[in-house]
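Heads up: the sequence shown begins at 1 in the UniProt record's numbering, then just goes up one per residue.
Glycine included, every Cβ here is placed at the ideal spot set by N, Cα and C.
All figures in this text were calculated on a predicted structure; none of them were measured in a lab.
Here's the structure we're looking at; comments come further down.
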Amino acid sequence: MYKVCLVVPGWHYWANPSRIQPLYELYFATLIEEKLAEEVEVSIVDTRGLRQDQRLFHIPKKDLYIYWIPKTGDYTWTRKLVAELKQSYPMAKHAAGGTHIDIFPDESMKDFDAVMVGPGEGSLLSLIKDAQQNTLQKLYRSDYKDFPFGDFSFMRRHFLPETAIVNSLLFEKYGKNIRSTCVLFSRGCAFRCKFCVYNVPSMVQMRSPKSMLEEIQYLKSEYHIDAINLKDEICIPVSRTIAVEYMEAIGRGKVSWRGQTTVLGITEEKMALAKKTGCVELAIGVESASQQVLDIINKGITLDQVRGFINLARKYDIRIKMCLVFGLPGEPENIVNLTKAFVEETNPDYVSLSGLDPIPGSDIYNNYKEYGIKYIDQDWEKHAHLMFRFSDYEEVGLPFEYELSNKWGKTFSREKLAENTRIMQRYLREQNKTY
Ligand code: SF4
1 MYKVCLVVPG WHYWANPSRI QPLYELYFAT LIEEKLAEEV EVSIVDTRGL
51 RQDQRLFHIP KKDLYIYWIP KTGDYTWTRK LVAELKQSYP MAKHAAGGTH
101 IDIFPDESMK DFDAVMVGPG EGSLLSLIKD AQQNTLQKLY RSDYKDFPFG
151 DFSFMRRHFL PETAIVNSLL FEKYGKNIRS TCVLFSRGCA FRCKFCVYNV
201 PSMVQMRSPK SMLEEIQYLK SEYHIDAINL KDEICIPVSR TIAVEYMEAI
251 GRGKVSWRGQ TTVLGITEEK MALAKKTGCV ELAIGVESAS QQVLDIINKG
301 ITLDQVRGFI NLARKYDIRI KMCLVFGLPG EPENIVNLTK AFVEETNPDY
351 VSLSGLDPIP GSDIYNNYKE YGIKYIDQDW EKHAHLMFRF SDYEEVGLPF
401 EYELSNKWGK TFSREKLAEN TRIMQRYLRE QNKTY
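Written as structure tokens, this is what we have:
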């Protein structure tokens, strides 16, 4: 039997990488098992939490290793692992896909035997067949529009031990032993925020309400799950019809849920339905308390819309986690005080504050000079999409620097950017608003 192994990277930039689950690895393992069961044995190796010098001991010999790398911060880590595995198992092949590979296919082809550009569904199956026949190609390219997420089965979790699937941390604010896990009911995002690369594909691909409900029922019967954390980019769809179908499906599953969403398109009807279907918390991508910054990054929202969303959530007793980013272009000199004032005024239950990473592939990265950025570090290990988010120690480096000024005025130095973030983090901790 040909042996294929999906490797979960270390996610070294997070304080606790085990909080969330490796959804894409589970999804692709399910696909391979379903489509190639008779000829391929598939497994997942989870390297999260392993020390760098120990990880090799935990990876058994296989014919083909697959890496899905949506985040630039995982690239160098993975590249080094591949080099080590090639020493230990010289006959094995290594293939990678994910957003970082989409952005840098040529560079990636030097480090991997094969790369996938675009979605993994079609490429993975072709690539495995080619690898079996020793006809592996360097590049497999496909288009998201040809592979709707909803056409594929929901991810099964049996590839990993239960401890990697279920924890009580995701809903720790709501009770001591709430068994919870992450799910993905849609992929993609149609918005175009200038700092983001997580809008892949640049359209929303929904799973069917039937498949969503089946997954919840599976999680309840196999894992006794009480609550789910939706990892969809937008968990309350902007379209009313889709939002109603989507939330009603979750409601039929009878679990508590939380997720991240946009403030755009919210209505009282949608918020009431969220509550009725088990929603306890919504994270909203506000990004900045400065309207100028929101306009520069093409967020497409106003601070008044944020106020309206929070008021509505409060009316329906849904907690709000406000997601903010410091270091975005166009921040006024008083950004710290402005942000504190906005947090005090709107009083979200929680605030998640990150330092900006001009992520490769984002408009800010591609056109950095237009934003007054002097340089962006090309050491991928210094890139993490959320810096300083959980603690002062969660720093992988501030991988860029502004010119002294840009078209919006004076900018912050690297030191001042890091200091602003730390001052605000401390303030939020004192207010008991972080988690
Ligand atoms: S920040 Fe959120 S809303 Fe904006 S493009 Fe990215 S995923 Fe979409």
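Give the DSSP bridge partners of Trp68, in chain order. Its beta-bridge partners are Gly97.
Close-in-space but distant-in-sequence residues of the same chain around Asn16 (CB under 6 Å, 5 per side omitted): Excluding sequence neighbours, Asn16 sits near nothing in its chain.
Beta-ladder partner(s) of Asn406, from DSSP: Gly409
Please name the residue in Gly300, Ala283, Ile284 whose C-alpha comes closest to that of Gln291. With distances taken between Cα atoms, Gln291 lies closest to Gly300.
Exposed or buried, Asp151, counting other C-beta atoms within 10 Å across all chains shown (16 or more means buried)? exposed
What is the C-beta distance between Asp349 and Ile320, in whole angstroms, given that I count them as a contact (C-beta under 8 Å)? 5 Å
Quick one, are the C-beta atoms of Ile32 and Val42 less than 8 Å apart? yes
For a test of the three-state rule: what should DSSP assign to Phe400, helix, strand or coil? strand
Kindly indicate which three-state DSSP category Ile284 falls into: helix, strand or coil? strand
Quick one: complete alpha helix (DSSP H) runs, 4+ long, within the region 1-87? 23-36
Is there contact here, the region 163-176 with the region 136-153, by at least three beta-carbon pairs under 8 Å? no
Length of the line joining the Cα atoms of Lys379 and Glu25: The residue asked about is misnamed: residue 379 is Asp in this sequence, not Lys. Answer to the nearest angstrom: the Cα atoms are 25 Å apart.
Closest to Gln425 by C-alpha separation, out of Phe342, Ser352, Pro90, Ala29, would be which residue? Ser352
Under 7 Å from any heavy atom of the ligand SF4, does the C-beta of Tyr198 make it? yes
Per DSSP, what kind of secondary structure is Phe112 in: helix, strand or coil? Coil, per DSSP.
For Cys5, which residues from the same chain have a beta carbon less than 6 Å from its beta carbon, with the 5 sequence-adjacent residues on both sides left out? Ser43, Val45, Lys62, Tyr65
Within its chain, find whatever has a CB closer than 8 Å to the CB of Ala289; leave out the 5 residues flanking it on each side and keep chain order. Leu303, Leu324, Ile335, Leu338, Thr339, Ala341, Phe342, Val343
Check each candidate in Tyr2, Val280, Arg258, Pro60 and name the one with the smallest Cα separation from Leu85. Of the candidates Tyr2, Val280, Arg258, Pro60, the one whose C-alpha sits nearest the C-alpha of Leu85 is Pro60.
So what does DSSP say about Phe326, is it helix, strand or coil? Under the three-state reduction of DSSP output, Phe326 falls in the strand class.
Would you say Thr78 touches the ligand MN, meaning its beta carbon is less than 7 Å from a heavy atom? In terms of ligand content, the structure shown lacks the ligand MN and carries the ligand SF4 instead.
Could you compute how far the alpha carbon of Met109 sits from the alpha carbon of Ile128? Met109 and Ile128: Cα-Cα distance of roughly 17 Å.
Touch test, the region 261-281 against the region 229-241, Cβ-Cβ under 8 Å, three pairs minimum: yes
Within the region 195-280, ranges of the alpha helix (DSSP H) (whole runs, at least 4 residues): 209-223, 240-253, 268-276
Going by DSSP, what residue range makes up the beta strand (DSSP E) through Lys315? Where Lys315 is concerned, there is no enclosing beta strand (DSSP E), although the alpha helix (DSSP H) it sits in stretches over 303-315.
Backbone CA spacing between Glu121 and Glu34 [nearest angstrom]: 12 Å
Within the same chain, show all residues whose beta-carbon is closer than 8 Å to that of Glu214, passing over the 5 residues directly before and after it, in chain order. Phe154
Identify which residue in Ser221, Val200, Leu124, Ile178 has its Cα closest to the Cα of Arg156. Ser221
Supposed close pair Leu230, Val183 - CB separation, criterion 8 Å: At roughly 6 Å, the Cβ-Cβ gap stays under 8 Å, so Leu230 and Val183 are in contact.
In the DSSP assignment, find the unbroken beta strand (DSSP E) run with Val293 in it and report its ends. From DSSP, Val293 is part of no beta strand (DSSP E) but of the alpha helix (DSSP H) over 291-296.
Which word fits Thr277, buried or exposed, when buried means at least 16 other C-beta atoms lie within 10 angstroms of its C-beta? buried
Note the first and the last residue of the continuous beta strand (DSSP E) segment covering Arg141. 139-141
Arg48 versus Gly285 - alpha carbon distance: 27 Å
Sort Pro90, Asp377, Tyr402, Glu162 by Cα distance to Thr72 and report the nearest one. For the residues Pro90, Asp377, Tyr402, Glu162, the minimum Cα distance to Thr72 belongs to Asp377.
For the ligand SF4, any of its heavy atoms closer than 7 Å to the Cβ of Thr421? For the ligand SF4, no non-hydrogen atom lies closer than 7 Å to the CB of Thr421.
Thinking C-alpha only, which one of Arg55, Asp102, Glu38 is nearest Trp68? Asp102
Are there any heavy atoms of the ligand SF4 lying less than 7 Å away from the beta-carbon of Arg187, as far as the coordinates show? no
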